[in-house]
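With the working numbering applied, the sequence shown covers 6 to 542.
Below: one structure, written as structure tokens.
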Amino acid sequence: MHRCLAVNELLSLIFENLFLDRGSEDEELLEDVVAEEALANLAITCRSFTEPALNHLWRVQRVFANLVRCMPHDLWVQHGPRAVLTFRRALCQTDWDRFDFYARRIRQIGAPNLLEISDVTMVEVGEDVFIALATYQPIRVLLPNLLALYCMPWSWAALPYIQAFIGHQLTTFDLGVEAFFDEGRGRSDLSPNYLVSLFSALSHHSPMITSLSIGLNGLNRDVEEAFLTCVGSLKHLRDADIFIPDMEGEEELMACLANAPLLESLCADVTSASCHLYTTVHNRFQNLRILVAEFEGLQLVGRTLGAMQCQFDELRIRPSVPETTTNWQLPQLGQSLLVFRNHPCRLTLTVLELCPVELPTRDPEDDSKMSDILRPLFDLVNLQHVEIVMDQTVDLGDSWLTDASKAWPSLSHLTLASSSPSKPNLTLAAVGSLIQNCPDLRSFSLRVDATSNAGYPDDYGLCNYWITDIYIMGPIDCPEEVSRVLQRMLPNLERTISWDEGDSRSSLEELDKFENSWKKVDEILCAQYSGPPVQVP
6 MHRCLAVNEL
16 LSLIFENLFL
26 DRGSEDEELL
36 EDVVAEEALA
46 NLAITCRSFT
56 EPALNHLWRV
66 QRVFANLVRC
76 MPHDLWVQHG
86 PRAVLTFRRA
96 LCQTDWDRFD
106 FYARRIRQIG
116 APNLLEISDV
126 TMVEVGEDVF
136 IALATYQPIR
146 VLLPNLLALY
156 CMPWSWAALP
166 YIQAFIGHQL
176 TTFDLGVEAF
186 FDEGRGRSDL
196 SPNYLVSLFS
206 ALSHHSPMIT
216 SLSIGLNGLN
226 RDVEEAFLTC
236 VGSLKHLRDA
246 DIFIPDMEGE
256 EELMACLANA
266 PLLESLCADV
276 TSASCHLYTT
286 VHNRFQNLRI
296 LVAEFEGLQL
306 VGRTLGAMQC
316 QFDELRIRPS
326 VPETTTNWQL
336 PQLGQSLLVF
346 RNHPCRLTLT
356 VLELCPVELP
366 TRDPEDDSKM
376 SDILRPLFDL
386 VNLQHVEIVM
396 DQTVDLGDSW
406 LTDASKAWPS
416 LSHLTLASSS
426 PSKPNLTLAA
436 VGSLIQNCPD
446 LRSFSLRVDA
456 TSNAGYPDDY
466 GLCNYWITDI
476 YIMGPIDCPE
486 EVSRVLQRML
496 PNLERTISWD
506 EGDSRSSLEE
516 LDKFENSWKK
526 VDEILCAQYS
536 GPPVQVP
């Protein structure tokens, strides 16, 4: 073996490379499993690989069962339709040897958005196991080097014993609403006394937490006070995602977050009763750069952003229109977006998501145009990622997208999604504008009129070599010609992806009508794809 491979840093780079080629979030779990199998093979290739490979292999554990199964075989048994692991005898000191050998390598337990139906979560650890581990004398932190703890359904039985995982090195703690509901057993029973104890433990034992995500319902005052004390003690907090409906101490909570000196990212639910708390007066939210917010009504969007004079990097806006609303809301959206004209984020914002926006039936007397409503966004000159999901985007035409591509020259991703049955105004010529004006474009999702009557883009002699697949849908009558046009503009295009399989962004009627034609485009692209992508000149 070459002596360079004895350098741990080089081995780490090799092992990390196994996890670099990732697709969508839904595919990451399966891709990681494949990478872990390859890593396990590397671990047994030679002795020099074993230790660093084991560190990478155990660094992220989505479930706890793997660690239990490393303990002596006469200690545990796996049984039942859901493959529950339980202990068959009492713990003794020697049982901890292999447990500790692997436990010290774990940096993350659980995962955000863990799919409960996946194979990795089919084995559940019984409550008796957690009782035995958490109460064994002397008391220990089960995972002493743990950095991230996601209390997702990797084992429902673990929830009352989460404190056994909390240590001084913990930086990420996630206790979401989804962790509290088991369809088979009903709601998990976490008593107020337990929650008070949990938040107290976080305050005293995990002062280095930088990311906190909490989703709870129906807290009494004692739990609220313990939680507020916990949040106030986290002096290194950078990322907060808090969802506690009808919290009596909401104003105190927002004061803690607003004055957190390092807070950079906030996920919140903005209502008419709480919008006054979101303001930068008196030096509140000094370093906030990322805001993910659900707004109770479109008018609150402009009011809140106007009061928060932050130099945002990312804004993910999710407005809701009450079901009782019957009046047309497009003008209200336009008024809210005007706030960007003179906002401090005008030069700093790189990510903007406006979705999903569901508006009542259009007012026939209103002559507002979607192209005019969205025009204030052109002042955000450094946007790189834009996603707008609302039916009215179907009204946007080629001239608007041409102006948008000129206003956002750094654009790398664009989504304009609509489930409206109306015929889209965009044509393939709009794709030509994107290619011409946005050289860093990596992906786009559009509904376009790809028929011969709508016309095809001129040959500008410009190509985008980055893009290998696109999401596209719309009327089409000549798959061969569309394939030729797409290949001319996107030489490395491998496939087109339709918004199918119940995707709410697509029109089912449109899918039924044009699905075969777009499949034909995909077949032509696949047949003519000749290997690795052409290198960007």
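All C-beta atoms, glycine included, are put in the ideal place defined by N, C-alpha and C.
Model, not experiment: these values are computed from the prediction.
Element boundaries [alpha helix (DSSP H), containing residue i]
| i | result |
| --- | --- |
| Met375 | 375-378 |
| Cys272 | Here Cys272 belongs to no alpha helix (DSSP H); instead the beta strand (DSSP E) covers 270-275. |
| Cys261 | 255-263 |
| Glu485 | 484-494 |
| Leu203 | 197-210 |
| Ala312 | 304-312 |
| Thr398 | Here Thr398 belongs to no alpha helix (DSSP H), and DSSP marks it neither H nor E. |
| Ile295 | Taken as a continuous stretch (DSSP letters only), Ile295 belongs to no alpha helix (DSSP H), being part of the beta strand (DSSP E) at 295-301. |
| Pro336 | 335-342 |
Candidates the options: closest to residue i by CA position
| i | options | result |
| --- | --- | --- |
| Ser250 | Leu200, Asp105, Ser373, Leu224 | In the sequence as displayed, the identity of residue 250 is Pro instead of Ser. When only C-alpha atoms are compared, the closest one is Leu224. |
| Leu343 | Val326, Thr353, Phe383 | Phe383 |
| Ala412 | Lys428, Pro381, Trp161 | Pro381 |
| Arg74 | Trp101, Ala278, Thr215, Pro57 | Trp101 |
| Cys156 | Leu195, Ile144, Trp523, Gly115 | Gly115 |
| Tyr534 | Lys518, Arg493, Ser522, Phe519 | Arg493 |
| Leu495 | Ile322, Phe449, Thr50, Phe69 | Phe449 |
| Ser279 | Ile295, Thr309, Ala137 | Thr309 |
| Leu200 | Pro212, Pro165, Asp246, Leu335 | Pro165 |
| Arg103 | Pro444, Leu80, Val68 | Leu80 |
| Cys543 | Phe519, Asp474, Pro480 | No answer is possible for residue 543: the residues shown for the chain start at 6 and end at 542. |
Residue j beta carbon less than 9 Å from that of residue i
| i | j | result |
| --- | --- | --- |
| Thr355 | Gln389 | yes |
| Pro502 | Tyr476 | In the sequence under discussion, the amino acid at residue 502 is Ile, which differs from the Pro named in the question. Contact flag set, yes. |
| Leu498 | Ile472 | yes |
| Leu217 | Asp179 | yes |
| Glu256 | Leu282 | yes |
| Leu271 | Phe290 | yes |
| Ser560 | Thr398 | Past the boundaries of the shown model lies residue 560; the chain is included only from 6 to 542, so the question cannot be answered. |
| Asp318 | Thr353 | yes |
| Asn288 | Glu269 | no |
| Asp396 | Thr432 | no |
Residue i versus residue j - alpha carbon distance
| i | j | result |
| --- | --- | --- |
| Val297 | Lys240 | 21 Å |
| Val526 | Ser438 | 21 Å |
| Glu528 | Pro484 | 10 Å |
| Ile171 | Leu419 | 41 Å |
| Met313 | His348 | 9 Å |
| His210 | Ile167 | 13 Å |
| Gln113 | Thr140 | 22 Å |
| Pro426 | Leu338 | 22 Å |
| Pro57 | Gln174 | 21 Å |
| Glu486 | Asn458 | 12 Å |
| Asp133 | Asn60 | 28 Å |
| Ser512 | Gly307 | In this prediction, Ser512 has a pLDDT of 49, which is less than 50 and means its spatial position is unreliable; nothing more can be read from the coordinates. |
| Asp482 | Phe345 | 40 Å |
| Leu267 | Leu242 | 6 Å |
| Pro361 | Ile219 | 23 Å |
Per DSSP, the bridge partner or partners of residue i
| i | result |
| --- | --- |
| Phe248 | Gly220 |
| Ala532 | Per DSSP, none; premise fails for Ala532. |
| Trp81 | Phe92 |
| Tyr476 | Ser450, Ile502 |
| Val356 | Glu319, His390 |
Residue i, enclosing beta strand (DSSP E) - first and last residue
| i | result |
| --- | --- |
| Arg226 | Not the beta strand (DSSP E): Arg226 falls in the alpha helix (DSSP H), residues 226-238. |
| Ser450 | 448-452 |
| Ala153 | 153-155 |
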